[in-house]
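Student: Just so you know, my numbering puts 660 at position 96 of the sequence shown, and the rest follows in order with no gaps.
Virtual Cβ for every residue (Gly too), placed ideally from N, Cα, C.
Just so you know, these numbers come straight off a predicted model, no measurement behind them.
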Amino acid sequence: MSSVVSDTTMSTSPMSSRSRRRSSAAEGVFSPKELQEVGVEIVPNPNIKKLKWRICESPAKLAEADLDKADWMHEMLTTPPVNRIDLKFPQSLTLTVRKPKGVTCKDAMDVVYKKFKHKALEDIAEPQLDELEWDRNDYATLELLLRKV
């Protein structure tokens with residue numbers, strides 16, 4: 565009789581009726597691999613060009629200085645939104661930015677700043693971010709174009 569009771573309690577358990585959660589990714593956010601399979605092009609946010617951000621300065625300073633920049637810094641880095649992107653520098657350095665709900669401009673800037681925050685402005689050959697370009701050969705990569713100040 566105890567085996568009958570244990571069988572019924574197991575089948576009515578709330579855990580058995582639940583399905584396993586697939587992922588924490590937000591709806592409408594894709595992985596670069598999914599976009600490559602479908603053939604969708606990734607377009608970087610055009611507002612990056614307006615930034616004139618020095619990579620060794622905190623992105624928070626930009627937000628404090630100009631409220632318009634603070635608003636769009638929370639926009640997605642790419643269209644369509646991706647959960648992971650590699651940022652490739654001209655010096656063959658690559659940084660990866662990941663966020664399950666979609667990578668924003670600020671997320672990318674924070675990762676770049678974390679890498680260069682201890683370097684002096686004079687030590688970096690091209691310290692100002694000019695724009696981002698999507699690498700058609702590697703769907704998960706945006707190339708950073710830098711310029712001298």
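Given that a residue counts as buried once 16 or more other Cβ atoms are within 10 Å of its Cβ, and exposed if not, what is T658?
Tutor: Looking at its Cβ environment, which holds fewer than 16 other Cβ atoms inside 10 Å, T658 is exposed.
Student: In angstroms, rounded to a whole number, what distance separates the CA positions of M579 and P608?
Tutor: Because the pLDDT at M579 is just 45, under 50, the model does not fix this residue reliably, and the value given afterwards should be weighed accordingly. If I take the Cα positions, the gap works out to 42 angstroms.
Student: Report all residues from its chain with a CB closer than 6 angstroms to the CB of K613; omit the five preceding and five following residues, and keep chain order.
Tutor: Cβ within range, chain order: E695.
Student: Would you give the residue range spanned by the beta strand (DSSP E) that D630 belongs to?
Tutor: Segment: none, D630 is in no beta strand (DSSP E) and carries neither H nor E.
Student: Return the chain-ordered list of same chain residues with a C-beta closer than 8 angstroms to the C-beta of E639, the five sequence neighbours on each side being excluded.
Tutor: Result list for E639: N609, N611, T668 and C669, in chain order.
Student: Starting from the C-beta of K679, find all residues in its chain whose C-beta is less than 7 angstroms away, skip the five residues before and the five after it, and write them out in chain order.
Tutor: Counting only Cβ-Cβ distances below 7 angstroms, and skipping sequence neighbours, we find L659.
Student: Once you ignore the five residues that flank K683 on each side, which residues in its own chain have a CB closer than 6 angstroms to its CB?
Tutor: Once the five neighbours on either side are set aside, the close Cβ partners of K683 are C620.
Student: Can you give the Cα-Cα distance for L615 and L710, rounded to whole angstroms?
Tutor: Taking the straight line joining both Cα atoms gives about 12 angstroms.
Student: With DSSP run on the structure shown, which of helix, strand or coil describes K727?
Tutor: What is shown of the chain runs 565 to 713, which leaves residue 727 out entirely.
Student: In terms of alpha-carbon separation, which member of A590, I606, Q600 and G592 lies closest to E707?
Tutor: With distances taken between Cα atoms, E707 lies closest to I606.
Student: Decide if L693 is buried, meaning its Cβ has at least 16 other Cβ atoms within 10 Å, or exposed.
Tutor: Result: buried.
Student: Mind checking who P608 pairs with in its DSSP beta bridge?
Tutor: In the DSSP output, where bridge partners are listed per residue, P608 has T642.
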